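A.B. asks: Residue numbers (the working numbering): 2 to 187. Glycine is no exception: its CB is placed at the ideal position from the N, C-alpha and C atoms. All of these numbers come straight from a predicted model, not from anything done at the bench.
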């Protein structure tokens with residue numbers, strides 16, 4: 002029996018591989034170790050923060066997502082789940098160092114990116130059979146909390162209009178269009 006051939010195109014295991022890469026990197030992040038076991042921060046020389054997070058994002062995009070076909074359901078879900086996960090990682094990293102270096106503008110952009118990725122997943126017509134996963138397990142809760150906090154300030158802030166648009170689009174897809182998808186699939 003011949004071993005499987007090696008090729009550069011993504012295979013069915015792509016989702017598992019990308020999620021494993023992301024989770025493996027997250028367990029070395031400063032924000033994760035602060036929460037789970039701060040003592041390991043002094044031992045772990047592989048800490049994922051700042052520049053390493055940017056490098057991880059570039060590696061995931063170049064190695065895995067670049068060759069994905071957005072018309073293929075598995076590839077589409079993989080692309081937008083990974084990008085949403087990375088946006089969440091950036092947002093959590095922001096919160097872990099917010100007392101040291103507040104970067105509100107970047108935090109709101111990461112929160113909005115999380116919501117946009119979720120909206121893309123929910124709006125894609127082929128994901129109707131995966132709504133159980135996308136509606137309940139992929140809810141961008143940290144992003145909703147962050148945008149809610151940001152919108153407490155005057156609505157004239159430069160990102161307020163974009164925030165309302167992104168949240169409105171997500172609401173429409175999540176709570177309005179989903180009812181249509183569920184009733185038409187029966």
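Could you tell me which of 22, 18, 56 and 174 sits nearest to residue 128, measuring between CA atoms?
C.D. replies: Residue 174 is the option with its Cα nearest to residue 128.
A.B. asks: Going by the CB atoms, is the gap between residue 85 and residue 141 shorter than 9 Å?
C.D. replies: yes
A.B. asks: Using C-beta distances below 6 Å, list every residue in its chain close to residue 103, excluding the 5 sequence neighbours before and after it, in chain order.
C.D. replies: Confidence at residue 103 is low in this model, with a pLDDT of 49, below 50, so its placement is unreliable and no value can be given for it.
A.B. asks: Any beta-carbon of chain C closer than 9 Å to the one on residue 54?
C.D. replies: The displayed structure is made up of one protein chain only, and chain C is not part of it.
A.B. asks: Is it right to say residue 12 is buried, meaning 16 or more other beta carbons lie within 10 angstroms of its own, or is it exposed?
C.D. replies: exposed
A.B. asks: Spatial neighbours of residue 76 within its chain, please: CB distance less than 8 Å, with the 5 preceding and 5 following residues excluded, ordered by chain position.
C.D. replies: 11, 15, 69 and 70
A.B. asks: Whose CA, out of 20, 116, 29 and 67, lies closest to the CA of residue 149?
C.D. replies: 116
A.B. asks: So, at 6 Å on beta carbons, what are the nonlocal neighbours of residue 124 in its own chain, with the 5 sequence-adjacent residues on each side left out?
C.D. replies: Answer for residue 124: 174, listed in chain order.
A.B. asks: Taking all protein chains shown into account, do 16 or more other C-beta atoms lie within 10 angstroms of the C-beta of residue 78, making it buried, or fewer, making it exposed?
C.D. replies: buried
A.B. asks: DSSP state of residue 30, grouped into three classes?
C.D. replies: The answer is strand: DSSP assigns residue 30 an E or B state.
A.B. asks: Locate the alpha helix (DSSP H) running through residue 143, then write down its first and last residues.
C.D. replies: Segment 142–151, the alpha helix (DSSP H) holding residue 143.
A.B. asks: Which residue's Cα is closest to the Cα of residue 64: 18, 108 and 132?
C.D. replies: The option with the nearest alpha carbon to residue 64 is 18.
A.B. asks: Beta-carbon separation of residue 66 and residue 22 under 9 Å?
C.D. replies: no
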